[in-house]
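Undergrad: These protein sequence lines map, in sequence, to chains E and G.
Taking the working numbering, the leading residue of the first sequence gets 1, the next gets one more, and so forth.
Taking the working numbering, the leading residue of the second sequence gets 1001, the next gets one more, and so forth.
Positions of the beta carbon are idealized from the N, C-alpha and C atoms, including for glycine.
Shown below is the structure under consideration.
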Amino acid sequence: GAGVSQSPRYKVAKRGQDVALRCDPISGHVSLFWYQQALGQGPEFLTYFQNEAQLDKSGLPSDRFFAERPEGSVSTLKIQRTQQEDSAVYLCASSLSSGQTDTQYFGPGTRLTVL
Amino acid sequence: GDSVTQMEGPVTLSEEAFLTINCTYTATGYPSLFWYVQYPGEGLQLLLKATKADDKGSNKGFEATYRKETTSFHLEKGSVQVSDSAVYFCALLTSGTYKYIFGTGTRLKVLA
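This is the structure we're talking about:
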């Protein structure tokens, strides 16, 4: 079956531009997560949705980062006025339910480069 | 706070060699432990997991045992193949949360 998909796979932005990154979770998955993976590092948690509700946004690094999941399926991570330090791979993951030990299934990521 | 420490890479082995990638953790409570693998150009894939002490996770010839007394979850494989070349991430999920805490990853290169 289809896994988690993300688009675009690569994005180059000029400093100051706004970007929008899309995540299509596995169909029927209740929980959706965004992570940021800097070069040579492990992924770091950004935010968590349960259906359409954003229950945790504690990992978003600044108010330039905004995520939404309006219909409880597709999610978009938006970064306003991009800075060079935003360059990273942005990973989306989904899990079947809201259980804390549920396995999270990851997408291939979007590599964002800010020039 | 909770954390995961992995051995630094790259680890370079010849085909059919024995693999160990060390992982230790610090956590409150009783976390679940995971190994994820990232092949070039692909997303993270769950390799194996263990949810309580003394559990052994295994998949594709890889094994890891949850050792509470040494707070470790070392990844092992008896005979690596070139196709095992990837980056391996150890991660924990603290009981009652949904945020993975990842290590920095260990790159494995297997030479034919």
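(1) Quick check: is the beta carbon of threonine 103 of chain E nearer than 7 Å to any beta carbon in chain G?
(2) Candidates E:Lys11, E:Asp63 and E:Asp56: which alpha carbon is nearest serine 31 of chain E's?
(3) Could you list which residues in chain E have their beta carbon closer than 7 Å to that of phenylalanine 1042 of chain G, in chain order?
(4) Report the rounded CA-to-CA distance for arginine 92 of chain E versus alanine 1064 of chain G, giving the unit in angstroms.
(5) Using only alpha-carbon positions, find the residue among G:Val1080, G:Thr1026, G:Val1110 and G:Ser1079 that is nearest to alanine 1091 of chain G.
(6) Using a beta-carbon distance cut-off of less than 8 Å, what residues from the stretch 34-50 of chain E approach chain G?
(7) Glycine 72 of chain E and glutamate 52 of chain E - do their beta-carbons sit closer together than 7 Å?
(8) When you compare the stretch 59-67 of chain E with the stretch 3-10 of chain E, are there three or more beta-carbon pairs, one atom per stretch, that lie closer than 8 Å?
(9) Strictly below 7 Å CB to CB, what residues from chain E border phenylalanine 1062 of chain G?
(10) Between G:Tyr1030, G:Asn1059, G:Asp1002 and G:Leu1046, which has its C-alpha nearest phenylalanine 1089 of chain G's C-alpha?
(11) For chain E, find out if any of its Cβ atoms is closer than 7 Å to the Cβ of glycine 1105 of chain G; answer yes or no.
(12) So if DSSP puts phenylalanine 33 of chain E in a beta bridge, which residue, or which two residues, is it bridged to?
(13) What number of angstroms, rounded off, separates the C-alpha of serine 1095 of chain G from the C-alpha of aspartate 1054 of chain G?
TA: For this structure:
(1) yes
(2) E:Asp56
(3) The identity of residue 1042 of chain G in the sequence shown is glutamate, whereas the question assumes phenylalanine. Here the neighbours are Pro108.
(4) For the sequence presented, residue 92 of chain E should be read as cysteine rather than arginine. When rounded, the distance between both Cα atoms is 26 Å.
(5) G:Thr1026
(6) Tyr35, Gly40, Gln41, Gly42, Pro43, Glu44, Phe45 and Tyr48
(7) yes
(8) no
(9) Those do not exist, as phenylalanine 1062 of chain G stays about 16 Å from chain E at its closest Cβ, beyond 7 Å.
(10) G:Leu1046
(11) yes
(12) E:Tyr48 and E:Ala93
(13) 16 Å
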